[in-house]
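One structure is given here, and the rest of the page talks about it.
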């Protein structure tokens, strides 16, 4: 299910991402753009011990952008994606 769209900066380049919920994690898919000079990563985020774990990149700036967008999004389900049992 599509939750929201966002723009993340990958190596200084703005890239549109769509954020989906899938199997208790968020999937961030970059928009298609064949003329783009960079290849933006597909990312995923899940909660672990009360904080977000982002996979698909080691770039700390990009990870911080993902976490910031997730935390400030009002589109996330209130009872989903909980770390509680």
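In my numbering, the protein residues as written are 186 to 270. All C-beta atoms, glycine included, are put in the ideal place defined by N, C-alpha and C.
Counting along the chain, no beta strand (DSSP E) covers residue 218, and no H or E run does either. For residue 256, the secondary structure class from DSSP, reduced to helix, strand or coil, is helix. If you look at residue 234, you'll find it isn't in any beta strand (DSSP E); DSSP assigns it neither H nor E. Looking at the DSSP output, residue 199 shares a beta bridge with 194. Residue 241 and residue 220 have their C-alpha atoms some 22 Å from each other. Shown here for residue 244: not one same chain residue has a beta carbon closer than 7 Å to its own, the five before and five after excluded. Check the Cα spacing between residue 196 and each of 208, 225, 218 and 189: the tightest is with 225.
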